[in-house]
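Here the structure is laid out as structure tokens; the discussion comes afterwards.
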Amino acid sequence: MMLLAAVDFLMSRRNSSPADNLRSRRRRLLCYGRNLGLIAVFCLWSLPCGSEAAAKKITVLFTGESHASFYPCSCPKAPYGGIARRATMLKNIREETGGLLLVDAGGALAGGVYDEHSQGEAEEKARSLLYLRAMAKMGYAALAVGDEELGFGIDFLRQAAGSIPLLSANLVDASTGKLIFTPYIIKKISGVSVAIIGLTTPEAKTQLIKQRLTQLKIADPVAALQTLMPKVSPKAKIIIVLSHLGEKVSKELVRKVPGIHLLINGHRKSTQEVAELVGKTLIGYFSYQARR
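To convert a position in the sequence shown, counted from 1, into the working numbering, add 43.
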């Protein structure tokens, strides 16, 4: 079984901003479950519309910290997870729901201290390659570059990711000042422009040293996002941040950087919640190994 989260946006016409909509009516957060052979929990966030608004439904499904886990966990209770179950559920959701966006907040590759299935680097690389190919088949629109993504080097990551956009707005070549990966992409979902931005944890420095990528540096994610937002905001009605920073830093980020509609947290968490509202930003939390 697996838990996913979805976000519903009721978007107004272009002459009314999301911030205006937030002030105009009461905000809502609801959760409900569905049984599709496994349990999926959806959380819906509504940005209320003005009186002349046209409703647009956008469903955001996300994962994070899956560590290339292919099979359901061997838990004595509720053996959730499994990539085949996820693919089946996604197929069913797509048949029922339009305007769907599927993203990952990073931690998709095998290896590291949290990988329960590690059998050495060769196996981890093979598993990571196969897992990313499966993600591409499932239609992931973006993957944030986390510390796990850098575990086998940048060349391997780019090759393995294939058609999946790799996002990081703060991983920089120190010698040129240029970003290593694309900082953001814009997707049209249900006719609405949606920006997706990726952020990499500064803790990934360990992986850079391990891979002898000493020419790279990880810029401050808050400063990087503050610089990027004025460029992205005019291009998109909805801004989503794939934050591979951990729960504590992600919460600090949304308090310091206004204008984020949805943040998907990766890397680390303490809460058991699927989602919570911090200021005007909805934060979605991954389920470890995509078990739920």
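For every residue, glycine included, the Cβ atom is placed at its ideal position computed from N, Cα and C. The structure displayed is predicted, hence computed values, not measured ones.
Terminal residues of the alpha helix (DSSP H) in which residue i lies
i	result
Tyr-174	164-181
Asn-135	126-139
Phe-249	One detail in the question is off: residue 249 reads as Thr in this sequence, not Phe. First-last of the alpha helix (DSSP H) with Thr-249: 248-253.
Paired residues, beta bridge with residue i - DSSP
i	result
Ser-236	Lys-231
Ile-281	Val-237
His-110	Answer is none; His-110 lacks a bridge partner.
Asp-263	DSSP output for Asp-263 lists no bridge partner at all.
Leu-306	Val-284 and Ile-326
Ala-185	Val-146
Burial state of residue i, where buried means 16 or more other Cβ atoms lie within 10 Å
i	result
Gly-322	exposed
Ser-218	exposed
Asp-263	exposed
Glu-138	exposed
Lys-221	exposed
Ile-326	buried
Arg-128	buried
Gln-250	buried
Tyr-328	buried
Tyr-183	buried
Pro-115	buried
Lys-168	buried
Ile-240	buried
Gly-141	exposed
Ile-232	buried
Asp-190	buried
Thr-106	buried
Thr-324	buried
Gly-234	exposed
Ile-261	buried
Limits of the beta strand (DSSP E) - the one that residue i falls within
i	result
Glu-319	318-321
Thr-324	324-328
Thr-244	Taken as a continuous stretch (DSSP letters only), Thr-244 belongs to no beta strand (DSSP E), as it is neither H nor E.
Thr-106	102-106
Val-300	Unbroken run through Val-300: none, as it is neither H nor E.
Euclidean distance between Cα positions of residue i and residue j
i	j	result
Pro-227	Lys-100	Residue 227 is actually Tyr in this sequence, not Pro. Rounded to whole angstroms, Tyr-227 to Lys-100 spans 22 angstroms at the Cα level.
Val-103	Ile-307	10 angstroms
Arg-176	Glu-319	31 angstroms
Phe-199	Lys-280	34 angstroms
Val-297	Ile-283	11 angstroms
Leu-186	Ala-165	23 angstroms
Asp-147	Ala-179	11 angstroms
Ile-126	Ala-151	12 angstroms
Thr-244	Lys-291	12 angstroms
Ile-223	Ala-130	30 angstroms
Ser-293	Gly-309	9 angstroms
Gly-76	Ala-238	Confidence is the limiting factor: at Gly-76 the pLDDT is only 28, short of 50, which leaves the residue's position unreliable, though a coordinate-based value still follows. The straight-line gap from Cα to Cα measures roughly 28 angstroms.
Ser-171	Gly-205	12 angstroms
Lys-274	Leu-210	16 angstroms
Lys-299	Tyr-174	35 angstroms
Pro-91	Gly-302	Interpretation of Pro-91 is limited by its pLDDT of 42, a score under 50 that renders its predicted location unreliable; no figure is taken from the coordinates.
Gln-254	Ile-136	39 angstroms
Leu-193	Thr-257	13 angstroms
Ser-286	Val-188	9 angstroms
Ala-267	Ala-212	6 angstroms
Arg-201	Val-317	30 angstroms
Ala-153	Gly-196	13 angstroms
Leu-143	Lys-278	20 angstroms
Lys-248	Gln-162	24 angstroms
Ala-203	Ser-276	31 angstroms
Leu-288	Leu-242	7 angstroms
Leu-133	Pro-208	19 angstroms
Met-181	Leu-145	9 angstroms
Val-265	Ser-109	25 angstroms
Met-215	Thr-225	A small fix is needed here, since residue 215 is Val in this sequence, not Met. Those two C-alpha atoms are separated by around 11 angstroms.
Ile-229	Phe-113	30 angstroms
Counting only runs of 4+ residues fully inside the segment 188-224, write out the alpha helix (DSSP H) ranges in chain order.
-> 197-204
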